[in-house]
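Colleague: Residue numbers (our numbering): 646 to 979.
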């Protein structure tokens, strides 16, 4: 498996020395992933590594490395934990693509498209098993955290696939879904980085809270990118969430409007957007709607909230990089 520098690693707050340590740590994570997913069956090895080799930013293991700088730095245990988190994330992508009937992932055919749904599901399960095997070497507390993370991940995915229950606030429901399906694994990535670098319990708690807020901000930014990006600009197909009928934050704000001028947009958002012309019109109207501004303001606020969690920490290169990371997550274009 060839390694590549994650796009999000270039945080403005990271010095050259810190960046070098992070890149070295990520190289070690890549080697662990390769070692723990290699199988005597060539087909299984290939399927295991299909998405890992397709690229990705390695956002979660990078965060584990960066948070470890708040303690004693990147240890072997930090590297192992980061690899376990990344394999958990990759496993969830195999399952996501089956649920979404996706055809592409990271510019390559999705596992379900390349193989079939059954194989994609089983390989996802195998990767979850490999992640748990790595985490088991780190002790019972790490195993407990992994299990609790997995429970919340699955809970978030189940709730994301279902409409908001009657009587609940749709926006509050959606934010809680994001905390489970995205925030929790980012929180665990940060938590492991602090735990296995010998950071104090207070720093571990701060890192965990920072990670969960950062994960929610990351997903909210993705919601905006899905609407705002032009074709090919972000590496993602604009309007994918709209076509799948997902009620992301911009959509929820638009649907909550009582302005008669929004009737066409609301009709489109509540309809089947399989028709390319309808999807293009919905994107055109939503991009120009105040809903985007409201969603952007909330995304920035969640990012600021993540940064505020770190306020008690003394100034350091790592803290500056974490603050810069929170800003870059909410302002990125892809």
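Note that CB positions come from ideal geometry on N, CA and C, so glycine has one too.
Could you give the residue range of the alpha helix (DSSP H) that holds residue 855?
Modeller: Counting from 1 along the chain shown, the entry for residue 855 is found at position 210. 846 to 873 is the span of the alpha helix (DSSP H), which, as asked, contains residue 855.
Colleague: Would the beta-carbon of residue 928 fall within 8 Å of that of residue 883?
Modeller: As a working mapping, residue 928 is identified with position 283 in the chain shown. As a working mapping, residue 883 is identified with position 238 in the chain shown. Taking 8 Å as the Cβ cut-off, residue 928 and residue 883 qualify as a contacting pair.
Colleague: At what residues does the alpha helix (DSSP H) containing residue 883 begin and finish?
Modeller: On the chain shown, position 238 is the one that residue 883 refers to. Residue 883 -> no alpha helix (DSSP H), and no H or E assigned at all.
Colleague: Within the same chain, show all residues whose beta-carbon is closer than 7 Å to that of residue 939, passing over the 5 residues directly before and after it, in chain order.
Modeller: For the purposes of this step, residue 939 is identified with residue 294 of the chain shown, where counting begins at 1. The answer, listed in chain order, is 898.
Colleague: How is the alpha helix (DSSP H) around residue 810 delimited, first residue to last?
Modeller: In the chain shown, the residue the question calls residue 810 occupies position 165. Note, residue 810: premise wrong, no alpha helix (DSSP H); not H, not E.
Colleague: With 16 other CB atoms within 10 Å as the buried threshold, where does residue 647 fall?
Modeller: Taking the chain shown and counting its residues from 1, one reaches residue 647 at position 2. Below a pLDDT of 50, predicted positions are generally treated as unreliable, and residue 647, at 41, falls in that range; no measurement from the model is reported.
Colleague: Under the assumption that residue 957 contacts residue 851 (Cβ atoms under 8 Å), give the Cβ distance between them as a whole number of angstroms.
Modeller: For the purposes of this step, residue 957 is taken as the residue at position 312 of the chain shown. For the purposes of this step, residue 851 is taken as the residue at position 206 of the chain shown. Their Cβ separation, rounded to whole angstroms, is 7 Å, which keeps residue 957 and residue 851 in contact under 8 Å.
Colleague: Would you please state the rounded distance, in angstroms, between the beta carbons of residue 944 and residue 866? I believe it to be under 8 Å.
Modeller: Within the chain shown, the letter at position 299 stands for residue 944. Within the chain shown, the letter at position 221 stands for residue 866. The Cβ separation is near 5 Å, so the contact holds.
Colleague: Distance, Cα to Cα, residue 949 vs residue 972?
Modeller: In the chain shown, residue 949 corresponds to position 304, counting from 1. In the chain shown, residue 972 corresponds to position 327, counting from 1. Looking at the two C-alpha atoms, the distance is approximately 8 Å.
Colleague: Given a threshold of 16 other Cβ atoms within 10 Å of its Cβ, counted over all protein chains shown, does residue 966 qualify as buried or as exposed?
Modeller: As a first step, residue 966 is located in the chain shown; it is residue number 321 there, counting from the start. Answer is buried; the Cβ neighbour count reaches 16.
Colleague: I'd like the list of long-range same chain contacts for residue 695, defined as Cβ closer than 7 Å, with 5 residues on each side in sequence excluded.
Modeller: If you number the chain shown from 1, residue 695 lands on position 50. Taken in chain order, the residues that qualify are 756, 759.
Colleague: Residues in its own chain within less than 7 Å of residue 932 by CB, not counting five upstream and five downstream?
Modeller: Numbered from its first residue, the chain shown carries residue 932 at position 287. Answer for residue 932: 872, 873, listed in chain order.
Colleague: Use the C-beta contact count for residue 826: other C-beta atoms within 10 angstroms, 16 or more gives buried, fewer gives exposed.
Modeller: Within the chain shown, residue 826 is the residue found at index 181, counting from 1. Per the 10 Å Cβ criterion, buried.
Colleague: When DSSP labels each residue in this structure, what does residue 706 get in the three-state scheme?
Modeller: The count along the chain shown starts at 1 and reaches residue 706 at position 61. Of the three classes helix, strand and coil, the one that applies to residue 706 here is helix, per DSSP.
Colleague: Per DSSP, what kind of secondary structure is residue 905 in: helix, strand or coil?
Modeller: Looking up residue 905 in the chain shown gives position 260. Reduced to three states, the DSSP call for residue 905 is helix.
Colleague: Consult DSSP for residue 922 and reduce its assignment to one of helix, strand or coil.
Modeller: Residue 922 sits at position 277 when you count from the first residue of the chain shown. Helix.
Colleague: Under the three-state reduction of DSSP, which class applies to residue 718: helix, strand or coil?
Modeller: As a position in the chain shown, residue 718 is number 73, starting the count at 1. It is coil, neither helix nor strand.
Colleague: Can you grab the Cα-Cα spacing for the pair residue 842 / residue 813, in whole Å?
Modeller: For the purposes of this step, residue 842 is identified with residue 197 of the chain shown, where counting begins at 1. For the purposes of this step, residue 813 is identified with residue 168 of the chain shown, where counting begins at 1. Rounded to the nearest angstrom, the two C-alpha atoms are 41 Å apart.
Colleague: Who are the Cβ neighbours of residue 681 in its own chain at under 8 Å, not counting the five residues just before and after it?
Modeller: The sequence position of residue 681 within the chain shown is 36, counting from 1. Contacts found: 728, 732, 775, 778, 779.
Colleague: Between 919, 701, 924, which has its C-alpha nearest residue 910's C-alpha?
Modeller: As a position in the chain shown, residue 910 is number 265, starting the count at 1. Minimum Cα distance to residue 910 is reached at 924.
Colleague: Whose C-beta lies closer than 8 Å to the C-beta of residue 888 among residues of the same chain, with five residues either side of it excluded?
Modeller: In the chain shown, residue 888 corresponds to position 243, counting from 1. Closer than 8 Å at the Cβ level, and outside the excluded window around residue 888, lie 918, 919, 924.
Colleague: Compute the Euclidean distance between the alpha carbons of residue 845 and residue 661, then round it to the nearest angstrom.
Modeller: Position 200 of the chain shown, counting from 1, holds the residue named residue 845. Position 16 of the chain shown, counting from 1, holds the residue named residue 661. If I take the Cα positions, the gap works out to 26 Å.
Colleague: Taking just the CA atoms, how far does residue 864 sit from residue 808?
Modeller: Taking the chain shown and counting its residues from 1, one reaches residue 808 at position 163. Taking the chain shown and counting its residues from 1, one reaches residue 864 at position 219. Going by the C-alpha atoms only, they are around 18 Å apart.
Colleague: Just reading off the alpha helix (DSSP H) that residue 948 is part of, what are its end residues?
Modeller: Within the chain shown, the letter at position 303 stands for residue 948. Counting along the chain, the alpha helix (DSSP H) containing residue 948 begins and ends at 935 to 954.
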